[in-house]
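Report on the following structure.
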Amino acid sequence: MTDNSAHSHSILTTLRRLGDVEPDRRLFTFVNETGRDQETTTAGQLAHLVDAAATALRTWGLCPGDRAVLVYPPSLEFVRAFAGCVAAGVVPVPVYPPNPLRRRSSVGNFAAIVADSGASAVLTNGAYHRARTVGSVAGFTGRHDVSWPDIQWYRTDRVRPDGATPVSWHEPASADEPAFLQYTSGSTAEPRGVIITHGNLHAELAANARDLGLGPSTRAVCWVPQYHDLGLISVILSTLAGNGHSHLMSPITFLRRPRVWFDVMSRVGATHTAAPNFAFEIAVRKTTRDQRRNWDLSSLRVAMSAGEPIRETTVRSFLTAFADAGLAPDAFYGAYGLAEHTVSVSMGGRRVLRVDRNEVERSVVAPLGKDIDVGAASYFSCGRITKPDASVVIVDPDTCALVLPGQVGEIWVDSPTKAAGYFGLTKETRATFHATLSTGEPREYLRTGDTGFFHEDELFVVGRLKDLIIVNGRNLYPQDIENGVRDCHPSIRPGGLAAFDGVRAGEDEGCQVVMFVETHEDRVAAPECEQIADAVRRRLIEEFQVRCHAVVIGRQGLVRKPTSGKVRRHACRDVFHALLDGRMASSDVTVYRTAAAVGVQPGTSAARWARNRIPWRVTR
C-alpha cells in the first residue's frame, strides 16, 4: 500500500523501500501491439535505473527545481525518466510527443509548453530522437515550416548503471514542493501547467488505494496515455506507490486493435482498468461475440470510466456484451476528476438517474420514473465524495451562492488534492483555485468549470459551463444534443458529433446551433450528405425545439479532440468560422446552412431547407 510516512514527502519512498526489501517484485510490463509482453521491470531494476537517471541529470547540469520536458513514445523508458527526475529534484513536465513529420500543426503547442514552463532541457529516447531527425530532414526544404524550440535534448535510454556512486535521492523540503507540472489537455482553452505537489500526490494515491481497493495483489491493464493525468497518476504513480503490477500498452495499439486490451486483461487476470467513455463504446463495436466468449474477465473488479461524460447506453451495452466474458455488472465504476484536483473528485458511480430535460434546462433536477421516455435526460452517477476533509458544493457561477438542493450549478471543490495553481499565472490561479462563497466562508475552492448536482449524496455531472448553449433563456447542454442526434442516421459515427454555438466571440447575434457530424465512410455521396443534414435538423426540432443553423459533415477527424477524448467545441467553432471565411479548405467537408442563415426571407419557397441546401465544398 502507499507509504505516507511522516518523515518523507517523496512519492518515491515506497520504490526505494521495495528496491531494498523486494527487489524481484515486478512493477511494470510493457505490452506490444500483438498483446505479448515486451519488457518487464522489477522494483530492484527500476531503483537502479532511477539512480542512474538522477545522476545523469545532475551531470547534465540540471538542479533541483529545474523543469525538464518529457517527450517519449509509450514505453517504460518514460517511467524511468519521470522517476529519475523526481529523484534528482527536477520537476518533470510530461507532454504529448509532437509529430516530427507535421511540425506546423504540432510543434507550436510543444514550443509554447517549453517556453511557459521555463524548461531547462528536454528528455527523450532513441526512438523519438530518430523520428525527430527524419522529420527535420523532411522539413528542411519547407518554405514555412515551424522550427523546434532552442533547447538542449538528452537521451535517457543511453543512461545505464555503471557502478559509480549515485547521487542521493532528493528529499522534498515540504509537502508543498512541486512534484511535476501537468499541462491540461486544452479542451476549452490554451494548455496551462497545473502545479501538482508531493502532498497532493500522497493524498491522491492514498485515496485511490482506499477507493479502488488497490494493493500488492492488484493487476492493472491500461492503455490511457502516460502523459495524461488518469494514466500517469491513477496507474503509473499508484504502481510506484506499491500498488501491484501494471501492464501498460500504447493507446495506438488500442485504437488499431481494441481486442488486445481484453486479450491482455484475460491473460493476466486483470483486477483493474480505466478508460474514457468512448473506449467502452469502441469495445462493443469492434469485438465479436465469439471473441468475448473466449475471454475471462471474471477477475476484473473495477472498470473505471472517467475523463469524459459517461453515457447510460454505453454502460448498458458494454455490460450486456461483456457478460459473455464473465464481467460482473458492478465492475463498471463511474468517476469524476480533473487535473487541477490531482485527478479524482468523486468515485464509485454505478447507477443512472433519469430527469426531466426541460427542467434541467432551467437548472432544476426533477427525477422521472423508469417508464417515462419522452423528454427524459439520463445521467450516470460519478459516485460519492470519499476523500477525508474534502468539501464539494454546487454553486451559482454568477452570484457565488450555494444553490438549493435539487438544482444544477457549478461544481466547486476543496481538499488536500487541490493543486497549488497554474504555473506562472497568478491572476488565473487566484480566480480558479481560491474562489470563495458569497456567505463569506473563509474556505477557498477550486472552480471546476463543470456543472452538476447532488442526488442522494451522489454527484452527477451535467456539462461544461463554457460549452453551454443558451437559446431563449434555455440552458442546452451540447452532450445532450449530441446524444439526441447520434442515431438519427445510420451513416453517423457515434463518437463523431459536436454541438456548439456558432456565433463569433464578441458578436451579438443570438444563438446559432451548429452540428459537426462525422460519417463512418471517408467519402459520402452528396445525396446521402443531404439526408444526414435533414435527419439532424429534424431531430433537433423534434426533441429540442431548436432550429439548426448549420450542419457540417465530414470524415473522422472533423470533430476536434485532445488525447483525453473530450470534444474541443471551441476549436470546432474556430474550424467552422475558418471554413466559412475561406481560411480553411477541405474537399472532404460539406457545410449545410439553413436558408434563413444565408439571407433568404422566411415564408418563401426558397426558405425551405429541402429546396435550399447550401453545400460549400472546399479543398485542403
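Number 601 marks the last residue of the sequence shown (our numbering); no jumps. Each residue gets a CB set at the ideal place from its N, CA and C atoms; glycine is no exception. Treat the numbers as computed from the prediction; the structure is a model and nothing was measured.
Check	Outcome
Spatial distance of LEU162 from GLU509 (CA atoms)	47 Å
Spatial distance of GLY288 from GLY318 (CA atoms)	7 Å
Nonlocal neighbours in the same chain, by C-beta distance under 6 Å from PRO75, ignoring five residues either side	LEU51 and TYR208
Beta-carbon gap between ASN258 and ARG282 smaller than 7 Å	no
Strand pairing of ASP18, partner residues [DSSP]	VAL12
Beta-carbon proximity list for HIS470, same chain, < 6 Å, skipping 5 on both sides	ILE513 and ALA516
Through-space distance from LEU(-7) to VAL505, alpha-carbon basis	53 Å
LEU385 (DSSP reduced to helix, strand or coil)	coil
Distance CB(TYR426)-CB(ARG173) smaller than 7 Å	no
Pair within 7 Å by beta-carbon distance, PRO613 and ALA108	One cannot answer for residue 613 here, as it falls past the ends of the chain, which runs -18 to 601.
Whole-number beta carbon distance between LEU8 and ALA22, since they are thought to touch under 8 Å	Per the sequence shown, residue 22 should be read as Thr rather than Ala. Right, their Cβ atoms sit about 6 Å apart.
Option in LEU38, PHE497 and TRP129 with minimal Cα separation from ASP138	LEU38
Backbone CA spacing between THR122 and GLY46 [nearest angstrom]	Its pLDDT being 46, under 50, THR122 is placed unreliably in this model, and the value from its coordinates should be taken loosely. In a straight line, the C-alpha of THR122 is about 39 Å away from that of GLY46.
Reduced DSSP secondary structure (H/G/I, E/B, other) of PHE404	coil
Residue from GLY405, VAL241 and THR367 whose Cα sits closest to the Cα of GLN272	VAL241
DSSP state of GLU425 mapped onto helix, strand, coil	coil
Neighbourhood of GLY116 by C-beta distance below 7 Å, restricted to the same chain and skipping five residues each side	PRO81, LEU82 and ARG84
Member of HIS551, VAL556 and LYS547 whose CA lies at the smallest distance from the CA of LEU539	VAL556
Limits of the unbroken beta strand (DSSP E) element including GLU499	494 to 500
For GLN460, the first and last residue of its enclosing alpha helix (DSSP H)	459 to 466
The alpha helix (DSSP H) enclosing SER87, as first and last residue numbers	84 to 98
Same chain only: Cβ atoms within 6 Å of SER227, ignoring 5 sequence neighbours per side	PHE9, ALA201, VAL216 and THR220
Segment limits, beta strand (DSSP E) that includes GLY444	439 to 445
Where VAL355 sits in the DSSP three-state scheme	coil
Start-to-end residues for the alpha helix (DSSP H) that takes in HIS687	Since the first residue shown for the chain is -18 and the last is 601, residue 687 is missing from the structure and cannot be characterised.
C-alpha gap between VAL245 and VAL12, whole angstroms	8 Å
The segment 191 to 200 in contact with the segment 321 to 331 per 3-pair CB rule at 8 Å	yes
Length-filtered (4 minimum) alpha helix (DSSP H) runs lying within the segment 166 to 203	179 to 193
LEU440 versus PRO197 - alpha carbon distance	30 Å
Counted within 10 angstroms of its Cβ, other Cβ atoms place LEU57 as buried (16 or more) or exposed	buried
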